[in-house]
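Numbering (full-length UniProt numbering), first residue to last: 1 to 463. Contents: one structure, followed by commentary.
Structure follows, in structure tokens:
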């Protein structure tokens, strides 16, 4: 609901949304007091009320006690709240009479003293409660991004980092499946610190993921920086485990002993997945306090949970920018200036350009074309100036059926009656047009990610 023209006071009906996790009402014209019911929402972890016209006392408790989870900038008439907010104190209204009697002064002083004593007692109890939760090893503590975990814990969880638990190998390390004490499944990314840039990748990923949360981003539970049993430096990141592996594994699935035929994704599943990725990129670019450029959007970095919801992961090359103009303030690259993967990296990166939002949009566009054509951008067929973007561009108007993933066409033809196939063909053309518009050679010619997301959401309602 951010960046709209909503006015007036927040309605009391919002108090029924007790299960909500994130609220963004920034850049509107809301006024009046900040409703106290926000301080009663048990799952609210992010509240952005910046750039409105709220006034009066800021509530305390829950989300209002966490300065990193709360944004109130641009509301110049607020007062009170926790000290970290650095807001002015709320003044008592002047009494009707100019001079207060001595008994009244004593009464007011007593009230202030009791309130102060109560606040101190509340703060002590709240601190004790937080410390008790931090020391607890229950399942709920897993969602704390600062939970402590040792090398020994990870060694035990992954059965000694056994090859049987190895689920992937990336540019800077290996990923293992692990099981923590409470039978909680996690993915443990162990950095290969012998690789140039691995240590920078670790810190870049920690910094990028520290204050962001979105349903389509892979959730990081914690990080471990320690030494192994040989005394060597050890760094690892612990993520939520994704049982359906990566999008790459579904697009190019080899036969194994448990499968009689390769797995395939339906048109509806592919549309849902690519929309999820667009939502994640839009969040990183347009809804974080500081915009984040992912720099490595590709199928192997799109992970699927048990309901086939897509989660964008691997922020090892991510950049944090200073403002909406994408001026990079956190550049964790090596001297080679790596900004992505061949085939998905924007062409301007090959000439040394800085990481930009438009670069991410290009990678997203190539990913979309890959998903619906089934062709990798590095396929052997792409030579002599031909690439995935140009292939789609040439066939978009008349021969689209020749470039669409054959497994997708066969699956839809078998499942749908003939009249509905025309609608499927129109849907595919619309999808490929979005991918083509996002992956154009010049950055200024590319579609913006929020526009791509809006087009995809409209297609979902139509299909």
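Note that the Cβ used here is the ideal one computed from N, Cα and C, for glycine as well.
Kindly give me the distance between the Cβ atoms of residue i and residue j, rounded to whole angstroms, as I take these residues to be in contact under 8 Å.
i           : j           : result
residue 248 : residue 361 : About 20 Å; that fails the 8 Å criterion.
residue 251 : residue 277 : About 13 Å separates the two Cβ atoms, so there is no contact after all.
residue 403 : residue 378 : The pair is not a contact, with the Cβ atoms about 16 Å apart (cut-off 8 Å).
residue 408 : residue 369 : With 8 Å as the limit, residue 408 and residue 369 do not qualify as a contact, their Cβ atoms being about 13 Å apart.
residue 320 : residue 297 : About 16 Å separates the two Cβ atoms, so there is no contact after all.
residue 434 : residue 455 : 5 Å
residue 375 : residue 386 : That pair is no contact at about 11 Å.
residue 318 : residue 246 : The Cβ separation is near 18 Å, so there is no contact.
residue 198 : residue 173 : 6 Å
residue 216 : residue 450 : Not confirmed; about 14 Å, so no contact.
residue 218 : residue 239 : 5 Å
residue 424 : residue 267 : 6 Å
Quick one: residues in its chain with C-beta nearer than 6 Å to the C-beta of residue i, no 5 flanking neighbours on either side, listed in chain order?
i           : result
residue 15  : 37
residue 25  : 1, 49
residue 157 : 178, 179, 180
residue 306 : 243
residue 207 : none
residue 134 : For residue 134, the pLDDT reaches just 46, beneath the cut-off of 50, and the residue's location in the model is therefore unreliable, although a value from the coordinates is still provided. There are no such residues.
Kindly list the residues whose CB is nearer than 7 Å to the CB of residue i, restricted to its own chain and excluding five residues on each side of it in sequence; keep chain order.
i           : result
residue 209 : 220, 315
residue 69  : 45, 46, 47, 63
residue 382 : 388
residue 233 : 193, 227
residue 111 : none
residue 393 : 436
residue 214 : 280, 283
residue 440 : 446
residue 87  : 58, 78, 79, 80, 81
residue 263 : 250, 253
Are the beta-carbon atoms belonging to residue i and residue j less than 7 Å from one another?
i           : j           : result
residue 39  : residue 61  : yes
residue 308 : residue 269 : yes
residue 28  : residue 48  : no
residue 78  : residue 58  : yes
residue 223 : residue 273 : no
residue 10  : residue 35  : yes
residue 8   : residue 33  : no
residue 295 : residue 340 : yes
residue 176 : residue 161 : yes
residue 349 : residue 363 : no
residue 43  : residue 19  : yes
residue 154 : residue 236 : yes
Which partner residues does residue i have in the DSSP bridge list?
i           : result
residue 224 : 236
residue 7   : 29
residue 54  : 32
residue 319 : 293
residue 310 : 304
residue 177 : 187
residue 24  : 48
residue 434 : Partner(s): none; residue 434 has no beta bridge.
residue 80  : 58
residue 217 : 312
residue 166 : 176
residue 246 : 303
residue 71  : 48
Below 8 Å CB to CB, which residues in the same chain sit around residue i once its five sequence neighbours on both sides are set aside?
i           : result
residue 212 : 283, 284, 288, 292
residue 67  : 82, 84, 85
residue 136 : For residue 136, the predicted model reports a pLDDT of 40, less than 50, meaning its position is unreliable and no value from the coordinates is stated.
residue 148 : 222
residue 5   : 28, 29
residue 396 : 429, 432, 433, 436
Stretch-stretch touch, CB-based, cutoff 8 Å, three pairs: the region 153-169 with the region 186-205: Here the region 153-169 makes contact with the region 186-205; the two share three or more CB pairs at distances below 8 Å.
Three or more C-beta pairs below 8 Å linking the region 299-308 and the region 224-236: Taking 8 Å as the limit for Cβ pairs, the verdict is that the region 224-236 does not touch the region 299-308.
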